[in-house]
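Trainee: From first to last, the protein sequence lines stand for chains W and H. According to the working numbering, the first sequence is numbered sequentially starting from 3. According to the working numbering, the second sequence is numbered sequentially starting from 3. Idealized CB from N, CA, C, for every residue including glycine. All of these numbers come straight from a predicted model, not from anything done at the bench.
Protein chains: 2
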Amino acid sequence: MAGTDQLSAVFSALADPTRRAILVELAEHDATVTELTAPLPISMPAVSRHLKVLERAALISRTRSGKWRGSRLQGAPLRDAADWIDRYRRFWDSSLTRLDAHLAAVQAAERATDRMANDPKVPDNQEL
Amino acid sequence: MAGTDQLSAVFSALADPTRRAILVELAEHDATVTELTAPLPISMPAVSRHLKVLERAALISRTRSGKWRGSRLQGAPLRDAADWIDRYRRFWDSSLTRLDAHLAAVQAAERATDRMANDPKVPDNQEL
DNA sequence: CTTTCATTTAACCAACATGTTAAATGAAAC
DNA sequence: GTTTCATTTAACATGTTGGTTAAATGAAAG
């Protein structure tokens with residue numbers, strides 16, 4: 003899973019298209035394993051294990067009602083993931099372009115001193 | 003990587019704490035492999051491969067300037083990831099609680115007909 | 001040219017992920 | 001109580017990940 007921390011578990015869980023499809027389904031309604039398996043091209047044991055991964059990441063909770071096990075989407079971990087990504091919004095949000103440019107300039111200046119000291123020749127602000 | 007699609011590559015790349023640390027660093031300034039390796043507890047070849055993963059996910063671009071290879075954060079894939087997660091905002095954003103409840107009710111009603119037909123006994127709206 | 005420096009590639013390894021089919025579990029239905 | 005149904009666990013195969021050290025590459029410096 004790469005890391006064992008919560009965020010790693012969540013991103014890792016989201017990295018699989020089958021699991022994302024399951025979450026899409028669960029966003030519409032709670033569902034049993036059989037229901038979740040139906041539209042998928044894999045076996046039920048495989049789905050069962052995907053659900054276990056989602057559960058470990060706390061992306062779903064599970065209920066039991068007789069022979070059926072229901073899965074329900076839990077949003078909290080998604081919020082954590084969204085919060086993490088959001089710190090990089092200035093790298094894609096055009097409305098922040100000006101601010102981004104300004105911050106970059108300030109940071110470049112701040113680093114200038116350090117750089118002069120140990121001369122790491124970083125290709126900073128170089129075009130690709 | 004689980005899937006080979008773009009989103010899977012991005013989430014998979016983000017699933018590793020070392021790679022997230024690298025992105026944190028790159029959010030402040032472009033950096034060489036040596037600079038990125040310095041604060042990390044792993045070897046330079048290991049970092050080099052992490053960078054390759056990030057590059058495959060298009061989360062960074064790379065420049066070359068003499069013997070140095072610079073890495074630069076690219077935000078676009080993060081926006082894609084953020085957009086995907088954002089579709090689930092109603093599952094954690096309390097300001098959408100009312101709407102969420104309403105949508106859930108509507109959807110439950112819509113499904114009711116189908117459910118009656120093949121009786122899948124879903125533990126819908128069940129407490130955990 | 002030879003050496004040095006930054007980085008990548010190669011070869012290897014242990015751990016994990018994802019799928020399969022077959023067997024086990026556990027509650028429901030008969 | 002035996003069978004049936006939903007689900008999980010076991011056992012297995014295969015590919016990927018993430019780390020290592022040692023060798024290769026390629027430009028800079030002497």
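1) For the stretch 26–54 of chain W, which residues have a beta carbon sitting closer than 9 Å to at least one beta carbon of chain H?
2) Looking only at its own chain, which residues have a Cβ that is under 8 Å from the Cβ of H:Trp-86, when we skip the five neighbours before and after it?
3) Hey, how far is the Cα of H:Ile-44 from the Cα of H:Arg-74?
4) Sort H:Thr-34, H:Thr-20 and H:Pro-19 by Cα distance to H:Trp-70 and report the nearest one.
5) Would you call the stretch 26–41 of chain H and the stretch 38–55 of chain W touching, i.e. three or more CB-CB distances under 8 Å?
6) Can you name the start and end residues of the beta strand (DSSP E) that H:Leu-9 belongs to?
7) Pick helix, strand or coil for H:Leu-61, following the three-state DSSP scheme.
8) Let me know the secondary structure DSSP gives H:Arg-21 once reduced to three states.
9) Would you please verify whether the beta carbon of W:Leu-56 is less than 8 Å from any beta carbon of chain H?
10) Taking the alpha-carbon of H:Leu-16 as reference, which of W:Arg-92, W:Ser-96, W:Ala-84 and W:Asp-95 has the nearest alpha-carbon?
11) Among W:Pro-79, W:Asp-32, W:Thr-6 and W:Arg-58, which residue has its Cα nearest to the Cα of W:Thr-65?
12) Reducing DSSP to helix, strand and coil, say where W:Trp-86 ends up.
13) Alpha carbon to alpha carbon, how far is H:Pro-19 from W:Gly-68? Give it in angstroms, no decimals.
14) Just list the residues that DSSP pairs W:Trp-70 with in beta bridges.
15) What does a CB cutoff of less than 7 Å around H:Ile-62 pick up in its chain, not counting 5 residues either side in sequence?
16) Flag this pair as yes or no: are the beta carbons of W:Ala-59 and W:Ala-11 separated by less than 8 Å?
17) What is the rounded straight-line gap between the Cα of H:Arg-89 and the Cα of W:Arg-81?
Mentor: On the basis of the supplied data:
1) Val-26, Ala-29, Glu-30, His-31, Asp-32, Ala-33, Thr-34, Thr-36 and Glu-37
2) Taking the second sequence and counting its residues from 1, the one referred to as residue 86 of chain H is at position 84. If we look at H:Trp-86 and ignore the five residues flanking it on each side, its Cβ neighbours are Leu-9.
3) Within the second sequence, numbered from 1, the residue matching residue 44 of chain H stands at position 42. Within the second sequence, numbered from 1, the residue matching residue 74 of chain H stands at position 72. Rounded to whole angstroms, H:Ile-44 to H:Arg-74 spans 20 Å at the Cα level.
4) Position 68 of the second sequence, counted from the start, is the residue given in the question as residue 70 of chain H. It is H:Thr-34.
5) no
6) Locating residue 9 of chain H in the second sequence gives position 7, where the first residue counts as 1. No beta strand (DSSP E) contains H:Leu-9, which is instead part of the alpha helix (DSSP H) from 8–16.
7) For this step, residue 61 of chain H is matched to residue 59 along the second sequence. Here H:Leu-61 sits in coil by DSSP.
8) What you label residue 21 of chain H is simply residue 19 of the second sequence in a count that begins at 1. H:Arg-21 falls in the helix class under three-state DSSP.
9) Translated into positions along the first sequence, residue 56 of chain W becomes position 54. By this cut-off, W:Leu-56 is not an interface position.
10) Walking along the second sequence from the start, residue 16 of chain H turns up at place 14. Out of W:Arg-92, W:Ser-96, W:Ala-84 and W:Asp-95, W:Ala-84 has the C-alpha closest to the C-alpha of H:Leu-16.
11) Residue numbering aside, residue 65 of chain W sits at position 63 when the first sequence is read from its first letter. Ranking W:Pro-79, W:Asp-32, W:Thr-6 and W:Arg-58 by Cα distance to W:Thr-65 puts W:Asp-32 first.
12) Mapped onto the first sequence, residue 86 of chain W falls at position 84. Helix at W:Trp-86.
13) As a position in the first sequence, residue 68 of chain W is number 66, starting the count at 1. As a position in the second sequence, residue 19 of chain H is number 17, starting the count at 1. If I take the Cα positions, the gap works out to 40 Å.
14) The residue you call residue 70 of chain W lines up with position 68 of the first sequence. Looking at the DSSP assignment, W:Trp-70 forms a beta bridge with W:Ser-67.
15) Taking the second sequence and counting its residues from 1, the one referred to as residue 62 of chain H is at position 60. Excluding residues within five positions, the ones whose Cβ falls inside 7 Å are Leu-28, Leu-53, Leu-56, Ser-73, Arg-74, Leu-75 and Gln-76.
16) Translated into positions along the first sequence, residue 59 of chain W becomes position 57. Translated into positions along the first sequence, residue 11 of chain W becomes position 9. Yes. Within cutoff.
17) Here residue 89 of chain H is taken as the residue at index 87 of the second sequence, counted from 1. Here residue 81 of chain W is taken as the residue at index 79 of the first sequence, counted from 1. Approximately 11 Å between the Cα atoms of the pair.
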